[in-house]
Structure formats: structure tokens, C-alpha cells
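First to last, the sequence lines map onto chains V and D. Once you know that position 244 of the first sequence is 815 in this note's numbering, the rest is easy, because the numbers rise by one and skip nothing. Once you know that position 165 of the second sequence is 736 in this note's numbering, the rest is easy, because the numbers rise by one and skip nothing. Here the structure comes first, spelled out in C-alpha cells, and everything after it is commentary.
Number of protein chains: 2
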Amino acid sequence: MSTSKRVYMDYSAGRPLDPRAIEAMLPYMESRWGNPSSLHVFGQEARQALDEARAKVSQLINAEKKESIIFTSGATESNNLAIKGVAYRYRDRGNRILTSSVEHMSVVNSCKFMTTKGFETVFLPVNQYGFVNLESLEKELTDQTILVSIVYANGEIGTLEPIKEISQITHKKNAYLHVDAAAANGQVPIDVKSEGIDLLTLSSNDMYGPKGVGALYVKEGIRIEPLLHGGGQERGLRSGTENLPGIVGFGKAAEIAQNEMQTEGERLTRLRDKLIKGLLDPIPYSFLNGHSTKRLPGNVSVRYNFVEGESILLSLDMMGVAASSGSACTAKTLEPSHVLLAIGLKHEEAHGSLMFSLGKQNVEDEVDYVIGLMPNIIKRLREMSPLTPKELKK
Amino acid sequence: MSTSKRVYMDYSAGRPLDPRAIEAMLPYMESRWGNPSSLHVFGQEARQALDEARAKVSQLINAEKKESIIFTSGATESNNLAIKGVAYRYRDRGNRILTSSVEHMSVVNSCKFMTTKGFETVFLPVNQYGFVNLESLEKELTDQTILVSIVYANGEIGTLEPIKEISQITHKKNAYLHVDAAAANGQVPIDVKSEGIDLLTLSSNDMYGPKGVGALYVKEGIRIEPLLHGGGQERGLRSGTENLPGIVGFGKAAEIAQNEMQTEGERLTRLRDKLIKGLLDPIPYSFLNGHSTKRLPGNVSVRYNFVEGESILLSLDMMGVAASSGSACTAKTLEPSHVLLAIGLKHEEAHGSLMFSLGKQNVEDEVDYVIGLMPNIIKRLREMSPLTPKELKK
Chain V
572 MSTSKRVYMD YSAGRPLDPR AIEAMLPYME SRWGNPSSLH VFGQEARQAL
622 DEARAKVSQL INAEKKESII FTSGATESNN LAIKGVAYRY RDRGNRILTS
672 SVEHMSVVNS CKFMTTKGFE TVFLPVNQYG FVNLESLEKE LTDQTILVSI
722 VYANGEIGTL EPIKEISQIT HKKNAYLHVD AAAANGQVPI DVKSEGIDLL
772 TLSSNDMYGP KGVGALYVKE GIRIEPLLHG GGQERGLRSG TENLPGIVGF
822 GKAAEIAQNE MQTEGERLTR LRDKLIKGLL DPIPYSFLNG HSTKRLPGNV
872 SVRYNFVEGE SILLSLDMMG VAASSGSACT AKTLEPSHVL LAIGLKHEEA
922 HGSLMFSLGK QNVEDEVDYV IGLMPNIIKR LREMSPLTPK ELKK
Chain D
572 MSTSKRVYMD YSAGRPLDPR AIEAMLPYME SRWGNPSSLH VFGQEARQAL
622 DEARAKVSQL INAEKKESII FTSGATESNN LAIKGVAYRY RDRGNRILTS
672 SVEHMSVVNS CKFMTTKGFE TVFLPVNQYG FVNLESLEKE LTDQTILVSI
722 VYANGEIGTL EPIKEISQIT HKKNAYLHVD AAAANGQVPI DVKSEGIDLL
772 TLSSNDMYGP KGVGALYVKE GIRIEPLLHG GGQERGLRSG TENLPGIVGF
822 GKAAEIAQNE MQTEGERLTR LRDKLIKGLL DPIPYSFLNG HSTKRLPGNV
872 SVRYNFVEGE SILLSLDMMG VAASSGSACT AKTLEPSHVL LAIGLKHEEA
922 HGSLMFSLGK QNVEDEVDYV IGLMPNIIKR LREMSPLTPK ELKK
């Protein structure tokens, strides 16, 4: 049982580059290799390209000016820089950090790391859909709180958090709001001004730009401690020779996302909803994780009772379909996803979950293919499972 | 006075990618975008490519095994990770770090940063050629010293440090030796085993690989604290989704460097020595910075009395020639290079210096072109300079 078909529905783990982003990058890989810090004409060319990319990324999120964008090596670095950078810088104002229980591991582990440096971190609870509990936020937001870090949209269950409301509550106590938008950027519109976001993590690859590049938006007036010391690039906040081809590709991807996000979002939403329906309706004891509408356009997270998600993934993999059990960052551990546990799933329900994340190259035929496979996969696995009730084994 | 000629002799600020590295990267940009942490077939492909690149980089420096290589976002991050990572991890053994006065700013500023965390940093003196004073090293190496960080070759004056001797001294006191080989890697052979190197910083772009990628070699048995927390990639020492296209390109560049370094090094050494001779012989009061033979194959650093290096660079730039006044990381500051001051130059001598760094695309004609330009440039600038003795203005 193997196939030459290859259906990739794991976009949240990695995305192809948009060919237009590659095209934009190639000159900087092949012939324009100047260093933006150099004073000669090669350096000037590079500096101009850097400025243009910075402007494109800042426009995507409606930042007040392009200088509010700090380029980094990716979302993990941006999350580390935001959390540690604000915490170290404003230590004299307080030592309390609030975050949610559905964050990416780079936020979770940066916050945990800060507890070894005298900070207190609270992981706010979420409801069954993954929405942060706003009453808990209000309650835990003491005068000692300097930072609240909440994900824009969780990459596993796709839930879009109520960022504007979170911002309003956060700002009542003069804490700063950091938002990790890695899973959301380029998929849904983000407006740092109208949503009241102080720091925002962006990921290039998650919007079909190159890997190894990201950015941190830092609102004018907010100061952060750098993590990497050196030549003083990025206004001294992120040293290291600029990855110019990567940054140019990121800029192009941001521009494309801004232009095409709406059309593509509507297309993916249709595919998503068809896939959800097709995966759940024909199969009993099947459930959607997360919210039915307030979710990322391409995100499908489902669970089936009595079977292991890993076994389903293996069966799908043999049929050429790539999906995942959650974040790729935690794929190799046997622990159930902390996100699925946070929304109240039991261990066995979390283990029975799997995620499809759809993207640009997915077409309706592929959705139909996966929908067609699932009933037999689940039936076979349930037949082998000692947990399956007898009436389902008929 | 302008020209369409473009002669790039600032390779230390930025290098073109080797077309073979681009070719190796493209499939991972276009169609193989899997995440090495994913369990499905796309992930397996990615994991295999990651392993192969790691092996190639480890072979270039004769590392004991490929797992000793940690991929980072570049040399600045590697230097930060090495210095902070060892310092935080072995704080209980001591609080003293020795480094030299001819280090890259990412080493200088990482070491300075650690002094704010209770560490003591000593910047060892160098002689007129830039060689670290070994007697000072012996003297300053106390029982409290946990780390010695020395550059393999300085990028500005090209001086190759006596790493093996430095290692032998360092190990007498059980300190670890970190070597920043960013400017040297791919230019000269490096052997971590026979040279006794415990941690080694590598830069991809400096060996014609992509920007935004680097590595830190960490000898088996040495432990470091991570700087970036998250999904636990790179054995937990460097979280963040792997920049696979970049890493694959870096691996290819390392493989090419290993095969071609000797031939290319001999070619560049000939060009270098011709350029040095041609820049100094016809012009009085001109000097070489650094050592005549123990220097990087492509490095030429010279100085002319009575004139400013910046003015020479501007004149060269108008004739299409890109050179630099030192490290690109410090090009925008008006401070004289700390490296040139460390080898004993006066401020005005440091300001009168300029650097050519030659690379793969440079040919003898270009060397001749630059040699042909310089006498008139210097003559004209000296005529305008109030510092020039009368007999030179004739």
C-alpha cells in the first residue's frame, strides 16, 4: 500500500516560497551581494533594497513607520527578543509576565526561561475553543505586570484570539502587549495600530517567503534589550550582517500577501470548510478542535475517538498525504500537545487528533482525495483498537 | 569623473554565492519545503538534507562527528552563543574570559556584555602584526578563566593567529578555547582536532554560501546554555525552524571550499602579493598593515601617510572600485578601527588605512586597474592635504 501521489497539507510546518519571492531574491544571491553597511555603490544598492523590504513588511501590518521593523532570523528569535528584550529592559517596572496556555514553544520556553531570572510567568487559561479567558487576564494583570504575550492565531487549532480586547485590558495597567503572529501573518489582515499591538512577531516562511528570516515590530517609544551583540545592525537591536536575499524575499512575500490575502483566504476557507465537513460527517465519534469560524483560513484540526492520531498520520503518509499531529516543533516528542490539553481535551483525545494546514498549492481534488481516504483509515484502525465499542466494529 | 567599470574588492563585507550553492538550494526553495521535524515523507527528505549538510560542514573542519555542528543564523549569533553559552554554563568554575584586542565586534561586544553579568573580560594585547601576545595570555590565564576567545584570522588585517600554541596554553588551565573563524573559513584549512579548538564559529557567506546561516562547532563533552528557547531544534541548543535552503547551500559551499581552497588560495595569494607590491612600491610613505605572509590569501590592508582612507575610498568608488576602511560592521562610525589601533597605529595612520579583500571573481586585470589608479589618487589627495610635506607636493 503505497502511492506516488503527494498531497501536502502541512503548511504550518513549512511552506514553499512564492516563485515571485525567489525571483526577487535571485539577483541578491547572484550579483548584488553588497553589504548594506558598506559606503560604496555596492553597499548603497544593498541599503536601498533593505529599506524597500522594510517598508513592505511595515505596510503589511500598518506600522507607523518602516523603522519599527527589526529583521531577525525568524519567529523563534523574534519571540525570544520580544519577551526577553522587554523583560530585561523594564525590569525596574515589574517582574510579571502574562501569557496564554496556547502559545508556540518559543513563547512558552522564553517565558519559562525568564522565571529563572527572577520573573513570574502566568499561563492564562483558555476555553474549549482556545480563546484566552479575558477575566483571568484582568485578574492576573497586576501593577507588577510589564508584558502580556498572546498568540494572534494558534497554529495548531487555528483559533484567532480577540487581540483588540486583550490590548484594551493590557493597556489599562500600562503593560505592553506582544503578539506572536507567526502562524497568522499573511493569512489574515493584521493592523498593529487599530488592534493596539505594541510588539509583533512576524515569520517570513509562513507567508511564502524564505526560511531563516523574520521580524519583530516594536512600536515607537518602546525599548528592548538586544539578544545578539555585535556590529550594531538594526539600530543596535539585532547585530549580524543582514541576510539581504532573505530580507528581500520576505519583503516581496509581504507585498504579495497584502495584495492576495483576501482572495486566497476566501479560497482556503472554502477548502477548509469542505475538508472539515468531509472528515467529520461520514464518521461517527469525530470532532472539530477549535472554533468553526474564528479560525485561520487553512487550518483543520480534528479528532477521532478510539484511535491514535499518529496511526492516522502514518496511514495518510502511506497514501502520499502529509498532515501532522500538531506543531512540527513538538512532533518528535511523545507528549500530547499542550495546546490540545489546554482546550480541555483528555490525553487520549489529544492523541487522537490530527491537523491539516492548507495552503496555496492545495486544490479541491486533493481535499476530495483526503476526504475519500479517511473513512476506511478510521474504520481499519478502529477495528484494530481495543478501545473501540463493539457496535463500531461491525 | 565616473565610470561604468565595477571592481569589487570588498569580499570581507559580502560575497556572491557560488552558483553551485544556489543550484543546491533552489530545490529546497521551490519544491522541497518540508520541515525536518515532521514525521512524514516531506519531513524525512528535509531531515536527510539537513544531515548531509551538517556532515559536509563538519568535514571541512575535521570535526569528530557531524552532531558537533550547531546551525545558527550566522557568525554573529555563533560568537554570541559560544561566549555567552559557555560563560553562563560554567559560571561555577570561574568568571574570567580572555580575548584579544583584534576581535570582531560580535566577540568584543559579547565579552563586554558579560561584564554586566559579573564576568571579568581581559582584552589581550597584540604586536605590530596583530599576533596575540602569548606571554600575556599565559599571565592572564588564571584558575578563574573559563574561556579564551581568539579570532582565527582577523578580517581587517588578515593576520593568522597561532591557534595551536594558543590552544596549548589555554588547556594548561583547563579553560576552553573558542575560535572565531568567520573571516578565515573556506580561505585556509582549519582542523579543530589538530589545532585543539573547543568551539569554532563558522560563517556561510564567507565561504560563498548564503547569508543568514552560520554554525558553531562545539566539541563533544562541552556544554553550552542556549540563547534562543523554543522548539528544541539543534539538540535543544538553537531553537527555531531550520533554514533548510540556507543550510543546504552552506553545506554545498563547505564541500566546494574543501575541494578548491588550495588552488584558489594560491591564486589569491599571487593576486594579493601583486596588489600589495603595486600599491606600495610606486608610492612613498606607504605601508602594509599586518604580516606579509601570515595573512589571509585575499587580504590587502595598506596605509598612506598624510591622507584619509575615506577620501581614497571615495576616489576609488568614483572609478568603480569597491574597497573598505575595515570591517563593514563599523564602516558607518567615524571611530578608527580598534584593530588598527591595537597593532599600534596612531589615529591618523588608522584613518589613512584602507582594505582590499579579494575573492573568486577577481582577476589580474582588476588588480592592474587598481594599481594603475592609486598613484594619481594619492598624489591628488596629498596635494590637497595640509599635512603633506612640501617635497611630496612637487
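Backbone N, C-alpha and C fix where the C-beta goes; we use that ideal spot for every residue, glycine too.
Scanning V:P797, V:L773 and V:I793 for the CA closest to the CA of V:L787 turns up V:L773. Here D:K917 is exposed. Its C-beta has fewer than 16 other C-beta atoms within 10 Å.
Proximity to D:L952 across D:F877, D:A646 and D:H749 peaks at D:F877, based on C-alpha coordinates.
Against chain V, the CB of D:R667 has no partner CB under 7 Å away; the residue lies outside that interface. In the structure shown, V:M926 falls within a strand segment according to DSSP collapsed to helix, strand and coil. Within the same chain, G729 and S928 come within 6 Å of V:N870 by CB-CB distance, once the 5 residues on both sides are set aside. Below the 8 Å Cβ cutoff, chain D contributes W604 as neighbours of V:R586, in chain order.
When C-alpha distances from V:V673 are compared across V:N704, V:Q615 and V:E709, the shortest belongs to V:N704. Using a 10 angstroms sphere on the CB of V:E805, the tally of other CB atoms reaches 16 or more, which defines it as buried.
Within the model, the alpha-carbon separation for D:G757 versus D:G726 is close to 13 Å. By alpha-carbon distance to D:T686, the top candidate from D:Y659, D:A825, D:T647 and D:D589 is D:Y659. Below the 8 Å Cβ cutoff, chain D contributes H800 as neighbours of V:F684, in chain order. Excluding its 5 nearest sequence neighbours in each direction, V:L958 has C-beta neighbours in its own chain below 6 Å: F877, listed in chain order. Under DSSP, V:T643 takes part in a beta bridge, and its partners are V:G785. Boundaries of the alpha helix (DSSP H) around D:R591: P590 to E601.
DSSP links D:L748 through a beta bridge to D:V719. Apart from the 5 residues on each side of it in sequence, D:L731 sits with its Cβ closer than 6 Å to the Cβ of A724 and K865 in its chain, given in chain order. Nearest in C-alpha terms to D:S639, of all of D:R809, D:V934, D:G930 and D:I942, is D:R809. Under the Cβ distance rule, D:D888 counts among the residues neighbouring chain V, one pair being separated by less than 7 Å. Buried is the label assigned to D:V578, since at least 16 other Cβ atoms lie within 10 Å of its Cβ.
Per DSSP, the unbroken beta strand (DSSP E) holding V:V873 starts and ends at N870 to Y875. Within chain V, no residue has its beta carbon less than 8 Å from that of D:F927; the closest one is some 12 Å off. One alpha carbon belongs to D:K764, the other to D:A624, and they sit about 20 Å apart. The beta carbons of V:I942 and V:L842 sit about 11 Å from each other, so the pair does not count as a contact at 8 Å. Taking one beta carbon from each stretch, the region 874-893 of chain V and the region 808-823 of chain V have fewer than 3 pairs nearer than 8 Å; the two do not touch. For V:T687, there are no C-beta contacts with chain D under 8 Å, since the nearest C-beta of that chain is about 10 Å from it.
When 9 Å is used as the limit between beta carbons, D:K961 is near no residue of chain V, the shortest such separation being about 32 Å. The beta carbon of D:S810 sits closer than 7 Å to some beta carbon of chain V. CA-to-CA, the gap between D:P587 and V:S602 works out to about 6 Å. Its chain contains V693, L695, L708, E711, L712, T716 and V719 as the residues whose beta carbon lies nearer than 7 Å to that of D:L669, once the 5 sequence neighbours on both sides are disregarded; these appear in chain order. Short of 6 Å from the beta carbon of D:I737, and not among the five residues preceding or following it, lie these beta carbons of its own chain, in chain order: I721. Looking at the DSSP output, V:F858 sits in a beta bridge with V:R874. Rounded to the nearest whole angstrom, the C-alpha separation of D:I795 and D:V657 is 5 Å.
For V:L916, the three-state secondary structure derived from DSSP is coil. Here the alpha carbon of V:F613 sits roughly 7 Å from the alpha carbon of D:A893. For V:I668, DSSP records a beta bridge to V:T692 and V:L718.
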